[in-house]
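Take 8 as the starting number for the sequence shown in this note's numbering and just add one per residue.
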Amino acid sequence: MAYFLTVSMTYLVLNPDASVVVLIPKFLKGMILGGACGFAMGKIMIWMVNKIRLDVAGLYPVLVLSLVFFTFSFTDFIGGNGFLAIYISGIILGSSNFIHKKSLMKFFDGQAWLMQIVMFLSLGLLVYPSRIVPFLGSGMMISAFLIFAARPIAVFISLSLTKGLNFRKNFLYRG
Numbered sequence: 008m009a010y011f012l013t014v015s016m017t018y019l020v021l022n023p024d025a026s027v028v029v030l031i032p033k034f035l036k037g038m039i040l041g042g043a044c045g046f047a048m049g050k051i052m053i054w055m056v057n058k059i060r061l062d063v064a065g066l067y068p069v070l071v072l073s074l075v076f077f078t079f080s081f082t083d084f085i086g087g088n089g090f091l092a093i094y095i096s097g098i099i100l101g102s103s104n105f106i107h108k109k110s111l112m113k114f115f116d117g118q119a120w121l122m123q124i125v126m127f128l129s130l131g132l133l134v135y136p137s138r139i140v141p142f143l144g145s146g147m148m149i150s151a152f153l154i155f156a157a158r159p160i161a162v163f164i165s166l167s168l169t170k171g172l173n174f175r176k177n178f179l180y181r182g
């Protein structure tokens, strides 16, 4: 959704005469094709990983990674949302059983950590410490609000919709 909103707002800024109504078919096309390709490629990935017998177990992460790149590229090529396709195929892969699942989970967990490190390092390189000082007060207030109010309220609302949260038992009873 964030990807679609970013691209859509950029499109509207570059084309001031364009209407928001033009974006509705693009949104529907992207979401429908992204969801369908993600579901189909998730099932195909499971089938391929189980059917292809590679001599070296270390090649299974390469196989899955190449299928992930193909899923994104193909979905984007036909006009769908590649990020949604990858997300849905990842959910399908994660909830299915296939060979070498444990080693693949460890590999992609390591990749996720590596990408987080790269992202925060690259974002950190964009910061000029001398330009932070004027915004320090308002930034601290926003951070305090997010930490002490917004996040606890959001978690409480999210958990109140599940059966696992008993307000009286978990918050009021201290016996």
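We put the CB at the ideal spot given by N, CA and C, even for glycine.
Spatial distance of residue i from residue j (CA atoms)
i           : j           : result
residue 104 : residue 86  : 30 Å
residue 95  : residue 63  : 28 Å
residue 101 : residue 51  : 14 Å
residue 60  : residue 79  : 24 Å
residue 14  : residue 31  : 13 Å
residue 141 : residue 131 : 18 Å
residue 2   : residue 159 : The requested residue 2 does not occur in the structure, where the chain is confined to residues 8 to 182.
residue 112 : residue 9   : 26 Å
residue 137 : residue 146 : 15 Å
residue 45  : residue 98  : 9 Å
residue 154 : residue 121 : 26 Å
residue 74  : residue 43  : 16 Å
residue 228 : residue 167 : Look at the range of the chain in this structure, 8 to 182, and you will see that residue 228 is not part of it.
residue 24  : residue 33  : 17 Å
residue 83  : residue 76  : 11 Å
residue 139 : residue 133 : 12 Å
residue 81  : residue 49  : 13 Å
residue 148 : residue 16  : 28 Å
residue 69  : residue 58  : 15 Å
residue 163 : residue 152 : 15 Å
residue 157 : residue 144 : 18 Å
residue 26  : residue 20  : 11 Å
residue 126 : residue 29  : 33 Å
residue 135 : residue 165 : 37 Å
residue 123 : residue 47  : 28 Å
Nearest residue (CA-CA) to residue i, options the options
i           : options      : result
residue 56  : 128, 107, 82 : 107
residue 72  : 26, 54, 115  : 115
residue 188 : 17, 110, 157 : Any question about residue 188 goes unanswered here, given that the chain covers just 8 to 182.
Any non-hydrogen atom of the ligand MG closer than 8 Å to residue i Cβ
i           : result
residue 150 : Within the structure as shown, the ligand MG is missing, as the structure has no ligands at all.
Check: With contact counted as at least three CB pairs below 8 Å, one residue from each stretch, are the segment 87-95 and the segment 33-43 in contact?
Finding: Cβ pair count under 8 Å is three or more, so yes.
Next item on the list: Let me know the alpha helix (DSSP H) ranges lying completely inside the segment 27-70, each 4 residues or longer, listed in chain order.
Entry: 30-58
Notebook entry, point to check: Can you give, in chain order, each stretch of the alpha helix (DSSP H) that sits fully within the segment 108-142 and has at least 4 residues?
Noted result: 108-131, 136-139
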